[in-house]
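Down below is the structure, laid out as structure tokens.
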Amino acid sequence: MMDLSAFLDQIWIARLAILKGLGITISISALSIIVGSLLGVLVGLSLVYGNRALRFVVRVYTDFIRGTPVLVLVLASYYVLSTIGIDLGPFQAGVFALAVFCSSHVGEIVRGGLQAIPKGQTEAAKAIGLTFNQTFAYVLWPQALRQILPAWVNTAAEMVKASTLLSVIGVAELLLRTQEIISRNFMSLQFYFLAGFLYFVINYGIEQFGKYVERKTAVPS
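Taking full-length UniProt numbering, the leading residue of the sequence shown gets 1, the next gets one more, and so forth.
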């Protein structure tokens with residue numbers, strides 16, 4: 001009981017630091033997921049509908065990024081880009097790195113979802129006079145979205161977990177804030193458990209959002 005009381009006291013003392021770290025983690029995760037998903041859609045479209053030269057360039061980009069550890073991308077975004085005149089702060093560099101990594105995975109997800117749709121769907125759309133944009137918006141994308149949602153949720157959850165790596169470039173996200181708190185009160189187990197619970201809450205929210213969109217896009221039986 002005394003340990004629990006002391007832990008709760010320390011949580012109250014560190015509440016502002018925890019909330020600030022949680023807010024930064026949510027901001028980084030949301031920005032990287034949104035920007036990475038938008039870029040990923042463009043990557044997926046390029047892989048499926050681009051000309052040969054564009055497909056080759058995008059394929060090299062996708063394979064290179066997917067094969068590079070996230071930590072390397074984070075460090076490169078912060079330290080390497082500055083050597084060529086692109087000065088990004090820790091927060092901006094972290095979001096950029098995670099968004100680029102997210103885009104490569106979402107691009108592959110979108111490519112797979114679009115290529116899984118029978119070609120007869122596109123031919124039928126052409127037969128009734130739909131343009132490519134109309135075909136994509138009303139025929140292809142709704143079907144692909146139902147297939148890519150589960151994989152997209154997994155990718156989004158990975159971005160939340162990958163945000164912990166930004167502590168190495170000084171971003172005061174939840175993990176770094178937790179480590180700073182532990183260095184003052186030495187309650188390692190308790191505060192790491194609290195941080196893990198907060199990460200779980202964020203990912204659970206993403207999972208529920210994915211299920212909500214899945215229900216909205218489901219074909220009525």
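The C-beta atom is built at its ideal place from N, Cα and C for all residues, glycine as well.
Worksheet entry | Where the alpha helix (DSSP H) through E123 begins and ends | 119-127 is the extent of the alpha helix (DSSP H) around E123.
Practice prompt. Enumerate, from N- to C-terminal direction, the unbroken alpha helix (DSSP H) stretches of 4 or more residues contained entirely within the region 6-52.
Written response: Runs of the alpha helix (DSSP H) spanning 4 or more residues and lying entirely within the region 6-52 occur at 15-49, in chain order.
Worksheet item: Sorted by chain position, which residues of the same chain lie with C-beta nearer than 6 Å to S77's C-beta, five sequence neighbours on each side aside?
Response: Same-chain partners within the cutoff: A93, F96, A97.
Practice prompt. Give the C-beta separation of V201 and G107 to the nearest angstrom, bearing in mind that I take them to be a contact with Cβ-Cβ under 8 Å.
Written response: In fact, because the Cβ distance is near 28 Å, the residues do not count as touching under 8 Å.
Worksheet item: First and last residue of the alpha helix (DSSP H) that includes S188?
Response: Where S188 is concerned, the enclosing alpha helix (DSSP H) stretches over 188-217.
Item to complete: Measure from the alpha carbon of I34 to the alpha carbon of each residue in V72, T155, L130, then state which is nearest.
Response: If you compare the alpha carbons of V72, T155, L130 with that of I34, the shortest gap goes to T155.
Fill in: Residue range of the alpha helix (DSSP H) that includes P69
Secondary structure note for P69: it is in no alpha helix (DSSP H), with a DSSP letter that is neither H nor E.
Worksheet item: DSSP state of T83, grouped into three classes?
Response: Three-state result, T83: helix.
Item to complete: Report all residues from its chain with a CB closer than 6 Å to the CB of V160; omit the five preceding and five following residues, and keep chain order.
Response: So the qualifying residues of the chain are S29, I202, N203.
Worksheet item: Taking the runs of the alpha helix (DSSP H) that are 4 residues or longer, which of them lie wholly in the region 105-182?
Response: If we require 4 residues or more, the alpha helix (DSSP H) runs fully inside the region 105-182 come out as 119-127, 132-135, 141-162.
Discussion item. In this structure, how does DSSP classify L4 when only helix, strand and coil are distinguished?
Written reply: Helix at L4.
Worksheet item: For S37, which option in R111, Y79, L71 has the closest C-alpha, if you only look at C-alpha atoms?
Response: Distance check between S37 and each of R111, Y79, L71 places R111 closest, using alpha-carbon atoms only.
Item to complete: Could you name the residues of the same chain whose beta carbon sits closer than 8 Å to that of T62, not counting the 5 residues immediately before and after it, in chain order?
Response: Residues of the same chain with a CB within less than 8 Å of the CB of T62, apart from the 5 flanking positions on each side, are V43, L47, S104, G107, E108 in chain order.
Practice prompt. Assign G129 to one of two classes, buried (16 or more other C-beta atoms within 10 Å of its C-beta) or exposed (fewer than that).
Written response: By the Cβ-count criterion, G129 is exposed, with fewer than 16 other Cβ atoms from all chains shown falling within 10 Å of its own Cβ.
Practice prompt. Sort A17, L75, K216, L145 by Cα distance to A172 and report the nearest one.
Written response: Ranking A17, L75, K216, L145 by Cα distance to A172 puts A17 first.
Worksheet item: Thinking C-beta only, is L176 closer than 8 Å to S167?
Response: A contact, by the Cβ cut-off of 8 Å.
Fill in: Inter-residue spacing [alpha-carbon to alpha-carbon] between K211 and Y192
Distance between the alpha carbons of K211 and Y192 is about 28 Å.
Worksheet item: My guess is that L140 and T122 are in contact by the Cβ rule of under 8 Å, so how many angstroms apart are they, rounded?
Response: Beta-carbon to beta-carbon, L140 and T122 are separated by about 7 Å, close enough to satisfy the 8 Å threshold.
Fill in: Under the three-state DSSP convention, the category G94 falls into
Note: G94 maps to helix in three-state DSSP.
Worksheet item: Which class does residue 245 belong to by DSSP, given the choice of helix, strand or coil?
Response: Summary: the structure shown does not reach residue 245, with the chain confined to residues 1 through 221, and so no result is reported for it.
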